[in-house]
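J.:
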Amino acid sequence: MRILKTTILLFLLSVCTYSLVQGQQTKQPIPKSAEKRYEKAQGKLTHPSLHASEDALKLLKEAVIKAPHFFNAYALMGSLYNRMQDYCLSVEAFDKANAIDSQRLLKGYNSYAHAVAGTGDFSKAIGLLNRYLARPGLSEKSRKKALSWRKHYSFGLKTKRAHHPFNPINMGDSINSKDPEYFPSLTIDGHRFIFTRKVNNQYENFFISHKKDDIWSKAQLLKGAFNKSIHGRFNRGAETISQDGQLLLLTICDRADGAGSCDIYYSVYSENGWSAAKNIGPPVNSRFWDSQPSLSPDGKDLYFVSNRPGGFGGSDIYVSHLKGNGYWSKPENLGASINTSGDESSPFIHADNMTLYFASDGHPGIGGVDLFYVRKKITGNWGKSHNLGYPINTIDHDGSMFVAANGKMAFFASDRSDSRGALDLYKFELYPKARPVKTLYVQGNVFNAQTGNPISALVSLIDLKSGKELTDIKSDKKGDFLVTLPVGKDYALNVSKKGFLFYSNHFSLSDSSKWQSYTVRIPLQPIAKDAHIILENVFFDLDKYRLRSGSFIELNKVVHLLKENPDIRIQINGYTDSTGSADRNLTLSQNRAEAVVKYLMSKGIDKQRLHAKGFGAKNPIAPNNTSEGRAKNRRTELKIL
């Protein structure tokens, strides 16, 4: 988001204007017609209106046509274009003024340098500032500001040498309008795009666009009870939508049920549409400013910004964890690797649940506010924050970003030269080093295998290598759930409900190169005689019967099932594919079934409740003429006796 702070703009303009007023005499006389236009331009700026800058520039252009050597007109044009953030035209005007009289422009070299840095020429900008700093009689206040900007330009020069590719593309008329658009968010399937639009520059409303055949539909007002409850009465914005598109988090200020100046609210989607906005309550909301929520993909962690006491500076980023009782924990400050004595804002946690993007004016950067990313370590602590570098970050205010689940495409708001009005939404391909882990997802529905009725069940996602449970959520009352799968690991997915056999699946994503989604319907079998399931996460080496360590996670689920239901007995069935002799396969399958039984006994399960039976290559569930089919036939089953 490219919004230059008002104080800086006034500073730039005042410096240039001061330098222009001095010494109206030039070597060549200025025609009165040119001087009149210059004076009129100054008058437009003295009594500013909506189009004051544009009107003044028109007059100045007319002035320099009549007087191509008119220093004052070129210098004021440079200052105005600088304020409008059209840095190329600003530099062009300043270059001409400098060619006419560099000594007179020296007093405005700070503004000249700012425009040059805006084009990315940090080396030239530093040179101009050095000359400005060497000027006799420079006030201490001006010196401090110039030294601060020189530090920014030096940082920009350093990051520019890294050559980060950046090609932002306007998202077009379906998304953008004459009004400002900002705070983009996207569901994990990439089909629903939510953002804020300030309609007629008065009221903030949320809009949604749907993607079909790679084309975004015309954005429409996001309708729902939350709109009726706050429309036109309260300041609201900073929205984000959950990965599954079922939960909207937003900020509302100055409402009667608020705890502080601004609070975080939520709205839930159902068959009746979006619900009324409800205050998320304490301890997330406080009597201070709480805003800009971002929800982790599993819905367990809420990141937000607050200026409550006890932080590192102005506004800091906090996280609150959803507890088992449905309430949020006391917010935790994300610590010194992220928060500074300045202001941190716009947190966005990616679908990989490991990479956080945020804005800050406290870390070393190129402009007033830069964008950063930071990754979570295996220990759960945050690593070092990294500036996204030039040209993603500029000398202006770069304030918020959203990265799609594939890790490549990023979205941000900017008022670039091709915008439809004010701020527009853009997309660009994020350079590899700053990308999060590419993340796939499983969308599932859990139901009773006998009745077909939906089931609210416990869904667990486990890292097969470490055995660590990564996600622990419940399917909703319709039986639906969504679980994200960062690539580079192999996962076990377990779905369980008391009174039912659990369901298991696995996803091998260690070497996944494609971005895809998985849709699964999960029939849970009520515990009854002859009910059976395949133990998808029980593994043996080829032609061996020693259990691999990745099997223990699933077998511990079996242990839990048996302890929770002490009256049931089970049979472990072993199967092989058709490769090799029938006798060898029968022996191998029996040995594998017995290996499972031995493990269960080692965990305290009575031998009398367990039976092992090998079937060899009998009862195949897939053709044996393909490697995929043979892999399915090599299986271990659990059957209720």
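Numbered by the numbering used here, the letters in the sequence shown go through residues 285 to 925 in order. Note that the Cβ used here is the ideal one computed from N, Cα and C, for glycine as well.
#1: Beta carbon of Ile-676, beta carbon of Leu-707: below 8 Å?
#2: When every heavy atom of the ligand HEM is checked, does at least one fall within less than 7 Å of the C-beta of Ala-877?
#3: What are the complete alpha helix (DSSP H) segments, minimum 4 residues, inside the segment 441-521?
#4: Around the Cβ of Ala-503, are there at least 16 other Cβ atoms within 10 angstroms (buried) or fewer (exposed)?
#5: Per DSSP, Gly-557 forms a beta bridge with which residues?
#6: Along the chain, where does the beta strand (DSSP E) containing Ser-862 start, and where does it finish?
#7: Check each candidate in Phe-477, Ala-509 and Glu-488 and name the one with the smallest Cα separation from Trp-500.
#8: For Cys-372, count the other beta carbons within 10 Å of its own beta carbon; 16 or more makes it buried, fewer makes it exposed. Which is it?
#9: Tell me Tyr-587's beta-bridge partners as DSSP assigns them.
#10: Identify, in the order they occur along the chain, each residue of the same chain with its Cβ nearer than 8 Å to the Cβ of Lys-668, setting aside the five sequence neighbours on each side.
#11: Let me know if Val-483 comes out buried or exposed under the rule of 16 or more other beta-carbons within 10 Å of its beta-carbon.
#12: With H, G and I counted as helix, E and B as strand and the rest as coil, what does DSSP make of Leu-640?
#13: Just tell me which of Ile-650, Thr-755, Gly-594 and Tyr-725 has its CA closest to the CA of Leu-441.
#14: Can you list the beta strand (DSSP E) stretches of 3 or more residues lying completely in the segment 337-373, in chain order?
#15: How would you write the range of the alpha helix (DSSP H) that Gln-312 sits in, first residue to last?
#16: Which residue or residues does DSSP assign as beta-bridge partners of Gly-728?
#17: Tell me, which residues are paired with Phe-899 by DSSP?
#18: Does DSSP put Asp-774 in a helix, in a strand, or in coil?
#19: In terms of residue numbering, what span does the alpha helix (DSSP H) encompassing Arg-659 cover?
#20: Of all the alpha helix (DSSP H) runs that stay within the bounds of the segment 821-872, which reach a length of 4 or more residues?
#21: Below 8 Å between beta carbons: does that hold for Lys-752 and Met-455?
#22: Any idea what DSSP makes of Asp-756, helix, strand or coil?
#23: What does Glu-628 pair with, by DSSP beta-bridge criteria?
#24: So Arg-592 and Ser-570 are supposed to be a Cβ contact under 8 Å. How far apart are they, rounded?
#25: Tell me whether Ser-423 is buried or exposed, calling it buried when 16 or more other Cβ atoms sit within 10 Å of its Cβ.
#26: Closest to Tyr-725 by CA distance: which of Ala-689, Pro-468, Val-743 and Gly-772 is it?
#27: For Gly-516, collect the residues of the same chain with a Cβ closer than 7 Å to its Cβ; drop the 5 residues on either side in sequence, then sort them by chain order.
#28: Tell me whether the segment 762-782 and the segment 835-853 touch, counting them as touching only if at least three CB pairs, one residue from each stretch, are closer than 8 Å.
T.: If we stick to the structure as given:
#1: As a working mapping, residue 676 is identified with position 392 in the sequence shown. As a working mapping, residue 707 is identified with position 423 in the sequence shown. Not in contact: Ile-676 and Leu-707 (Cβ atoms no closer than 8 Å).
#2: This structure does not include the ligand HEM; it has no bound ligands of any sort.
#3: The qualifying runs are 509-514.
#4: Here residue 503 corresponds to residue number 219 of the sequence shown, with the count starting at 1. With 16 or more other Cβ atoms inside 10 Å of its own Cβ, Ala-503 counts as buried.
#5: Within the sequence shown, numbered from 1, the residue matching residue 557 stands at position 273. Its beta-bridge partners are Ser-554.
#6: By one-based count along the sequence shown, residue 862 stands at place 578. Segment: none, Ser-862 is in no beta strand (DSSP E) and carries neither H nor E.
#7: Translated into positions along the sequence shown, residue 500 becomes position 216. The option with the nearest alpha carbon to Trp-500 is Phe-477.
#8: Residue mapping note: residue 372 aligns to position 88 of the sequence shown, counting from 1. The C-beta of Cys-372 has fewer than 16 other C-beta atoms within 10 Å across all chains shown, which makes the residue exposed.
#9: For this step, residue 587 is matched to residue 303 along the sequence shown. Ser-578 and Val-603.
#10: Indexing the sequence shown from 1 puts residue 668 at position 384. Counting only Cβ-Cβ distances below 8 Å, and skipping sequence neighbours, we find Ser-621 and Val-658.
#11: Translated into the one-based positions of the sequence shown, residue 483 becomes position 199. Its Cβ having fewer than 16 others within 10 Å, Val-483 is exposed.
#12: In the sequence shown, residue 640 corresponds to position 356, counting from 1. It is a strand residue.
#13: If you number the sequence shown from 1, residue 441 lands on position 157. Cα-wise, what sits closest to Leu-441 is Ile-650.
#14: none
#15: Numbered from its first residue, the sequence shown carries residue 312 at position 28. Run containing Gln-312: none; DSSP gives neither H nor E here.
#16: Numbered from its first residue, the sequence shown carries residue 728 at position 444. Per DSSP, Phe-765 and Val-804.
#17: On the sequence shown, residue 899 is found 615 positions in, with the first residue counted as 1. For Phe-899, which the question treats as bridged, DSSP gives no partner whatsoever.
#18: The residue labelled residue 774 in the question sits at position 490 within the sequence shown. DSSP places Asp-774 in strand when its eight states are reduced to three.
#19: As a position in the sequence shown, residue 659 is number 375, starting the count at 1. Careful: Arg-659 lies outside any alpha helix (DSSP H), inside the beta strand (DSSP E) at 654-659.
#20: Within the segment 821-872, the complete alpha helix (DSSP H) segments of 4 residues or longer fall at 836-848, listed in chain order.
#21: Taking the sequence shown and counting its residues from 1, the one referred to as residue 752 is at position 468. Taking the sequence shown and counting its residues from 1, the one referred to as residue 455 is at position 171. Not in contact: Lys-752 and Met-455 (Cβ atoms no closer than 8 Å).
#22: The count along the sequence shown starts at 1 and reaches residue 756 at position 472. Correct three-state label for Asp-756: strand.
#23: The residue given as residue 628 occupies position 344 in the sequence shown. Its beta-bridge partners are Ser-644.
#24: What you label residue 592 is simply residue 308 of the sequence shown in a count that begins at 1. What you label residue 570 is simply residue 286 of the sequence shown in a count that begins at 1. About 5 Å; that satisfies the 8 Å criterion.
#25: Start at 1 with the first residue of the sequence shown, and residue 423 comes out as number 139. Counting Cβ neighbours within 10 Å, Ser-423 comes out exposed, since fewer than 16 surround it.
#26: As a working mapping, residue 725 is identified with position 441 in the sequence shown. With distances taken between Cα atoms, Tyr-725 lies closest to Ala-689.
#27: Taking the first residue of the sequence shown as position 1, residue 516 is located at position 232. The predicted position of Gly-516 is uncertain, since its pLDDT is 46 and thus under 50; a value taken from the coordinates is nonetheless stated next. Taken in chain order, the residues that qualify are Tyr-487.
#28: yes
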